[in-house]
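A.B. asks: Numbering (the working numbering), first residue to last: 598 to 733. Each residue gets a CB set at the ideal place from its N, CA and C atoms; glycine is no exception. Below is the structure I would like to discuss, written out as structure tokens.
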């Protein structure tokens with residue numbers, strides 16, 4: 598039977614990625630000037646990252662793989678155990694780093710980095726969500 602928690606986390610990741618992309622895609626040329634859209638995109642990226650970490654912790658508990666000491670270690674454990682690819686784990690650890698900056702030091706969030714994540718790395722979040730669905 599599929600794990601509803603993992604399925605809900607995957608759906609949340611997909612929804613948050615769609616919202617972040619939507620805010621950016623409204624008009625990419627003005628994204629750097631519109632703090633409301635920036636905040637919406639950052640918040641949704643942060644939520645997607647948090648859902649990813651939560652889902653990873655769920656997988657670790659379900660498979661009895663130990664107790665990660667940090668959010669980044671969640672993805673190391675998943676990769677070590679073959680639940681996700683090493684390259685995806687690396688991408689997810691980078692997303693965790695972005696999330697940490699967004700949560701703990703908001704002033705340091707640089708909009709060009711947010712744009713790069715939306716344009717080039719949200720696909721990694723969607724790949725992770727797809728993998729969660731496979732594992733659920």
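#1: Is the CB-CB distance between residue 729 and residue 642 below 8 Å?
#2: Distance, Cα to Cα, residue 673 vs residue 658?
#3: Classify residue 667 as helix, strand or coil using the three-state DSSP reduction.
#4: Which residues bound the alpha helix (DSSP H) around residue 642?
#5: What separation, rounded to the nearest whole angstrom, lies between the Cα atoms of residue 661 and residue 713?
#6: In this structure, how does DSSP classify residue 599 when only helix, strand and coil are distinguished?
#7: Counting C-beta neighbours from all protein chains within 10 Å, is the total for residue 598 16 or more, i.e. buried, or is it exposed?
C.D. replies: On the basis of the data shown:
#1: no
#2: 14 Å
#3: coil
#4: 632-659
#5: 35 Å
#6: coil
#7: exposed
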